[in-house]
Amino acid sequence: MSEHNQQVQPQKNKPMQNERAADAPLRIGVYICRCGGNISDVVDVDRVAETVKLLPDVVTAKVHTFACSDPGQQTITNDILEQNLDRVVVASCTPFLHEQTFRGAVSRGGLNPYLYEHVNIREQASWAHKHDPEGATIKAIRMIAAAVGKLHHVEPLEQIKLPNHRRALVVGGGIAGMKAASELAGRGIKVLLVESSQRLGGQLNDRGRVYPTERDAKELVEELARRVRTHSNIEILMQSNVTAVSGFIGNFKVAIRTEAAGIPVTETTVGAIIMATGFRPYVPQDGEFLYRTEPGVVTMPEFLQLLRSTPDAARKLTWNGRVIRNIAFLHCVGSRQLDGVHEPPPNGRLNTYCSRTCCTTILQQALEVRHRFPSVGVFDFYRDIRTYGRGEENYYSAASRAGVTFFRYNGEEPPRVELTPRARAKEGVLSVTLNDTLTWGTELSVPVDMVVLGTGMMPGEIADLIEQMKLATGEDGFLQEVHPKLRPVEVSVNGILLAGTAQGPMNIQETLAAAGAAAVKAAAMFAREDVELNPYVAEVDLSRCCGEALCVTQCDYEGALQMVSMEVEGATVERAQVNAGLCVGCGACVAVCPNRAIDVNGWRLDQFEAMVDGIAAAIPGQECTPELVNIH
Amino acid sequence: MSDPFVPKILVLATDKCAYPGADAVGKAHQEYPSNVYILRVLSPVLFPEDFYLRAYSQGIDGILIAACGSDCPYHGAYDRLAVRIDELTSRMKSGGLEIERIRITAICTVCIKAFLKEIAQMSDHLYQLGPVNRELAEQLRRESVERMQAKARFPRLAPALQGGLG
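Read top to bottom, the protein sequences are chains Y and C. If you count the first sequence from 1, position 521 lands on 521 in my numbering, and the numbers rise without skipping. If you count the second sequence from 1, position 149 lands on 149 in my numbering, and the numbers rise without skipping.
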């Protein structure tokens with residue numbers, strides 16, 4: 001633990017606006033989000049609003065189509081000011097998405113952000129109980145009742161401030177990592193760039209010309225590498241791996257091991273981490289489309305290598321001493337795999353996703369073959385052509401014009417690569433056979449000399465980092481962002497950002513855009529002197545602490561909780577004291593105190609009990625409405 | 001007039017694992033009964049025995065502690081939690097409260113199937129058992145608080161602990 005941690009104590013109960021007399025009833029505002037139908041298609045939000053108005057001290061309950069939108073937040077802020085609200089509930093999506101958003105809205109209304117409670121009625125109600133709208137509606141009401149109950153027991157809290165280390169770690173020295181590093185360095189931020197191999201540029205080093213600019217990838221790599229090598233803000237560690245990560249935004253402790261002998265493990269502190277760990281090319285299994293069985297079957301990276309090593313002046317394309325007269329390209333090898341059709345890769349998980357870059361790469365290479373070796377016949381076997389990016393469709397039309405012959409297969413029936421029967425072997429030793437859907441399922445067999453497998457992308461092998469950094473991965477195994485549209489380069493751990501294909505298949509343009517976004521996000525984090533953390537740490541209520549010291553025995557964090565001597569009513573006594581900089585808020589101490597003298601701020605036992613009561617209680621107004629009560 | 005019994009299930013779900021795990025169930029549009037209520041907690045190690053017993057006394061029929069297991073981000077918390085739940089379970093057993101009403105399990109951020117299975121299992125148990133005996137739970141809660149007080153060197157009954165059914 002670093003020394004600066006020791007000094008912080010939460011500042012509590014700073015007077016805020018909206019102060020009220022101690023005995024005055026609360027004024028709670030409840031906001032229910034339709035989420036554009038995601039919630040309101042299942043949950044009867046109007047009924048929820050009408051019902052929760054009957055809860056104690058709820059003075060307003062409103063429905064909004066998108067509570068997280070600017071107008072949605074403005075409604076909350078305005079109501080706090082105009083209706084003098086002193087507690088706010090928003091029932092919307094998961095707190096991981098918008099709890100911070102609404103704490104911000106509440107703050108702008110002059111209210112302490114911890115007088116806010118978030119209720120998750122999307123992931124945990126409308127989406128999970130789609131076929132039970134009545135049940136989902138009742139659940140939403142009870143969850144809001146729980147939140148309202150909790151808000152009767154909350155107090156203002158102040159965030160804990162820790163110094164922000166203005167230095168970023170970029171993991172991976174491919175184009176994504178180099179781009180992110182140079183963007184950050186250009187903004188005056190120190191960067192530590194860690195690359196596991198001996199060269200910067202990663203996969204791009206071996207790619208030849210790249211679409212849609214047709215520039216040599218080497219130029220791109222060299223341009224970026226020159227920038228990062230010469231920038232005084234960037235420190236590069238080659239042949240190095242990040243072996244340990246702990247801490248949090250502004251204060252990550254990392255350990256880096258360099259392969260060269262004699263170099264000790266580097267331990268250092270950074271404020272943000274950019275994951276630019278890239279992808280692994282899919283390697284077909286032995287025998288998949290005769291790969292590694294027949295030398296004429298190669299992967300796209302291997303074919304690119306062949307083209308690059310063939311001199312420009314060469315009239316013929318030769319491979320393994322064999323002149324290539326006809327060549328087949330196969331799309332979707334190792335991508336868009338189907339259960340029951342494809343053998344899962346060794347990790348047991350089918351690559352069900354589209355690798356996105358292979359179609360255009362195949363068409364680009366098909367064109368290159370036709371241009372450089374006009375006598376070579378090119379046959380393209382596709383499932384779908386997905387030339388989705390700007391300028392990429394041109395490759396398809398150009399390939400069609402250049403005489404590339406296209407065949408289309410059904411995903412359930414991939415083409416078969418076989419040895420050509422002896423009688424036709426002169427035409428090509430290999431043949432690709434398919435039921436061609438462009439000719440209404442006709443079985444066609446094309447003899448060729450070479451088959452190029454359009455292999456896709458696989459997630460990088462970074463299981464250790466994923467484990468240590470508590471990163472989420474998607475079903476595809478790639479690192480997962482918080483939100484694909486709203487927060488595309490952030491992960492659920494604050495201070496860690498994603499750049500490039502570590503997140504999923506991307507082309508170079510997308511990779512560089514993501515890397516730039518991640519760098520700017522990190523730079524924005526560094527704009528603040530301090531990092532603000534939720535004040536979720538234990539606190540002792542001295543009016544209840546009797547010095548039993550039971551809590552201290554339960555704490556596994558050295559220095560976080562100890563007994564200290566103090567004067568109480570003239571006598572020197574021992575009392576428990578929390579060091580907020582070292583307390584992690586686990587609450588192991590809370591359960592053992594016979595006097596309930598210690599609690600975790602923001603997660604107090606009385607707050608949980610109030611929530612349980614809200615869930616267990618009858619739905620307000622269900623048994624007898626207030627009108628009926630009045631009649632009696 | 002009485003409606004058919006629908007058990008109320010409380011899930012104490014950890015912020016780092018089970019709560020996002022429960023979110024993942026919704027995101028995948030997988031369904032589970034709507035009588036399942038999920039409370040987000042940093043670590044369930046926080047809760048004293050009387051918290052659980054109090055929940056039963058308020059009419060919660062079953063409690064699923066959905067923790068992080070070996071992924072627990074806090075040193076020692078999971079082991080302490082396991083011991084605490086063990087003690088609670090034996091207390092419930094000796095006190096006559098069905099132990100099927102409490103269960104501790106680990107649910108990860110993507111453990112959709114495990115979450116659904118745990119809910120289904122708890123649900124089955126509770127339909128068989130019927131509603132919780134709230135009076136018995138309240139009696140056990142009081143005993144639990146008294147036992148805690150009796151062990152203290154400086155006993156001082158905090159008012160919050162004396163209260164009965166809310």
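Virtual Cβ for every residue (Gly too), placed ideally from N, Cα, C.
In its own chain, which residues sit with a C-beta less than 6 Å from the C-beta of F373 of chain Y, not counting the 5 before and 5 after it? Stepping through the first sequence from its first residue, residue 373 of chain Y is reached at position 373. Here the set comprises L317.
Which same chain residues, not among the five before or five after M1 of chain C, have their C-beta less than 8 Å away from its C-beta? Indexing the second sequence from 1 puts residue 1 of chain C at position 1. Legend: pLDDT at M1 of chain C = 46, less than 50; position of this residue unreliable, value from coordinates given subsequently. No residues qualify anywhere along the chain.
For chain Y, find out if any of its Cβ atoms is closer than 9 Å to the Cβ of K93 of chain C; answer yes or no. Walking along the second sequence from the start, residue 93 of chain C turns up at place 93. So, not an interface residue.
I'd like to know if H129 of chain Y contacts chain C, where contact means its C-beta is closer than 9 Å to some C-beta of that chain. What you label residue 129 of chain Y is simply residue 129 of the first sequence in a count that begins at 1. It does: the Cβ of H129 of chain Y has a partner Cβ on chain C nearer than 9 Å.
Does L42 of chain C get closer than 9 Å to chain Y when you measure Cβ to Cβ? Here residue 42 of chain C corresponds to residue number 42 of the second sequence, with the count starting at 1. Taking Cβ atoms only, chain Y reaches closer than 9 Å to L42 of chain C, which makes this a yes.
Between the beta-carbon of C583 of chain Y and the beta-carbon of Y557 of chain Y, is there less than 9 Å? Mapped onto the first sequence, residue 583 of chain Y falls at position 583. Mapped onto the first sequence, residue 557 of chain Y falls at position 557. It is a contact, given that the beta carbons lie within the stated cut-off.
By the 7 Å beta-carbon criterion, what residues does the stretch 551–566 of chain Y contribute toward chain C? Q554, D556 and Y557
Going by beta carbon distance, what residues of the same chain come within less than 7 Å of V63 of chain Y, once the five residues before and after it are set aside? Here residue 63 of chain Y is taken as the residue at index 63 of the first sequence, counted from 1. I32, R34, V45, D46 and A49, listed in sequence order.
Nearest neighbour of S197 of chain Y, chosen from Y:P620, Y:G172, Y:D216 and Y:M178 [CA to CA]: Residue mapping note: residue 197 of chain Y aligns to position 197 of the first sequence, counting from 1. Checked all of Y:P620, Y:G172, Y:D216 and Y:M178; the closest Cα to S197 of chain Y is Y:G172.
Beta strand (DSSP E) runs contained entirely in the stretch 430–456 of chain Y, provided each spans 3 or more residues: 430–436, 442–448 and 450–455
Supposed contact pair L55 of chain Y and D86 of chain Y - C-beta distance, whole angstroms, cut 8 Å: For the purposes of this step, residue 86 of chain Y is taken as the residue at position 86 of the first sequence. For the purposes of this step, residue 55 of chain Y is taken as the residue at position 55 of the first sequence. Wrong, their Cβ atoms sit about 15 Å apart, outside the cutoff.
Residues bridged to A580 of chain Y by DSSP? Numbered from its first residue, the first sequence carries residue 580 of chain Y at position 580. BP columns for A580 of chain Y are empty, so no partner.
Can the beta-carbon of A549 of chain Y be found less than 9 Å from the beta-carbon of E567 of chain Y? Mapped onto the first sequence, residue 549 of chain Y falls at position 549. Mapped onto the first sequence, residue 567 of chain Y falls at position 567. No, the pair does not count as a contact, with Cβ atoms beyond the cut-off.
Is the beta carbon of E532 of chain Y closer than 9 Å to that of I160 of chain Y? Counted from its first residue, the first sequence places residue 160 of chain Y at position 160. Counted from its first residue, the first sequence places residue 532 of chain Y at position 532. Taking 9 Å as the Cβ cut-off, I160 of chain Y and E532 of chain Y qualify as a contacting pair.
Residue from Y:T137, Y:A255 and Y:P346 whose Cα sits closest to the Cα of M469 of chain Y: Counted from its first residue, the first sequence places residue 469 of chain Y at position 469. Measuring from the Cα of M469 of chain Y, the nearest candidate turns out to be Y:A255.
Leaving out five residues before and five after V564 of chain Y in sequence, what residues of the same chain have Cβ atoms less than 6 Å from its Cβ? As a position in the first sequence, residue 564 of chain Y is number 564, starting the count at 1. Excluding sequence neighbours, V564 of chain Y sits near Q577.
Mind checking who L237 of chain Y pairs with in its DSSP beta bridge? The sequence position of residue 237 of chain Y within the first sequence is 237, counting from 1. BP columns for L237 of chain Y point to Y:V194.
Collapsed DSSP secondary structure at P133 of chain Y in the structure displayed: The residue you call residue 133 of chain Y lines up with position 133 of the first sequence. DSSP places P133 of chain Y in helix when its eight states are reduced to three.
If contacts are defined as beta-carbon pairs under 8 Å, then K150 of chain Y and Q607 of chain Y qualify, I think. What distance do you get, rounded to the angstrom? Position 150 of the first sequence, counted from the start, is the residue given in the question as residue 150 of chain Y. Position 607 of the first sequence, counted from the start, is the residue given in the question as residue 607 of chain Y. Indeed, because the Cβ distance is near 5 Å, the residues count as touching under 8 Å.
Tell me, please, which residues DSSP counts as bridged to P163 of chain Y. Numbered from its first residue, the first sequence carries residue 163 of chain Y at position 163. P163 of chain Y pairs with Y:D530.
So, for G477 of chain Y: in the same chain, excluding its five sequence neighbours on each side, which residues have a beta-carbon less than 7 Å away from its beta-carbon? What you label residue 477 of chain Y is simply residue 477 of the first sequence in a count that begins at 1. Same-chain partners within the cutoff: R349 and P459.
Quick check: R101 of chain C and E49 of chain C, are their CB atoms within less than 9 Å of each other? By 1-based counting over the second sequence, the position of residue 101 of chain C is 101. By 1-based counting over the second sequence, the position of residue 49 of chain C is 49. No, the Cβ-Cβ distance between R101 of chain C and E49 of chain C is not below 9 Å.
Buried or exposed: which applies to S648 of chain Y, given that a residue is buried once 16 or more other Cβ atoms fall within 10 Å of its Cβ? Beyond the ends of chain Y as shown, which are 1 and 632, falls residue 648 of chain Y; an answer cannot be given.
Provide the residue span of the alpha helix (DSSP H) that contains A417 of chain Y, from first to last. To locate residue 417 of chain Y, count along the first sequence from 1; it is residue 417. Residue identity differs from the one stated: residue 417 of chain Y is Val in this sequence, not Ala. It is not in any alpha helix (DSSP H) - V417 of chain Y instead sits in the beta strand (DSSP E) that spans R416 to L419.
Cα-Cα separation between G72 of chain Y and L140 of chain C, rounded to whole angstroms: For the purposes of this step, residue 72 of chain Y is taken as the residue at position 72 of the first sequence. For the purposes of this step, residue 140 of chain C is taken as the residue at position 140 of the second sequence. So the alpha carbons of these two residues sit roughly 46 Å apart.
Boundaries (first-last residue) of the alpha helix (DSSP H) holding M506 of chain Y: By 1-based counting over the first sequence, the position of residue 506 of chain Y is 506. Looking at the DSSP string, M506 of chain Y is not in any alpha helix (DSSP H), and its letter there is neither H nor E.
Give the residues of chain Y in contact with R153 of chain C, contact being defined as C-beta atoms less than 7 Å apart. On the second sequence, residue 153 of chain C is found 153 positions in, with the first residue counted as 1. Simply E548.
Under 9 Å between C-beta atoms, does G170 of chain C make it to chain Y? What is shown of chain C runs 1 to 166, which leaves residue 170 of chain C out entirely.
Using a Cβ cut-off of 9 Å (strictly closer), state whether I138 of chain Y contacts chain C. Taking the first residue of the first sequence as position 1, residue 138 of chain Y is located at position 138. Yes - at least one Cβ of chain C is within 9 Å of the one on I138 of chain Y.
Looking at the C-beta of G135 of chain Y, does it have a partner C-beta in chain C at a distance below 9 Å? For the purposes of this step, residue 135 of chain Y is identified with residue 135 of the first sequence, where counting begins at 1. Cβ-Cβ to chain C under 9 Å: yes for G135 of chain Y.
Take I104 of chain C as the anchor and find which of C:A152, C:V132, C:S70 and C:F5 has the nearest alpha-carbon. Reading the second sequence from its first residue, position 104 is the one you call residue 104 of chain C. Measuring from the Cα of I104 of chain C, the nearest candidate turns out to be C:S70.
Which of helix, strand or coil does DSSP assign to V11 of chain C? What you label residue 11 of chain C is simply residue 11 of the second sequence in a count that begins at 1. V11 of chain C falls in the strand class under three-state DSSP.
Residues of the stretch 524–545 of chain Y in Cβ contact with chain C at a cutoff of 7 Å, in chain order, please. Y536 and R544
Contact criterion: CB-CB distance below 9 Å. Does F252 of chain Y meet it with respect to chain C? One-based indexing of the first sequence puts residue 252 of chain Y at position 252. Not one chain C Cβ lies under 9 Å of F252 of chain Y.
Sufficient close CB pairs (3 or more, under 8 Å) joining the stretch 246–254 of chain Y to the stretch 214–230 of chain Y: no
What does the Cβ neighbour count give for V341 of chain Y, buried or exposed, with the cut at 16 atoms within 10 Å? Along the first sequence, one-based indexing puts residue 341 of chain Y at 341. Per the 10 Å Cβ criterion, exposed.
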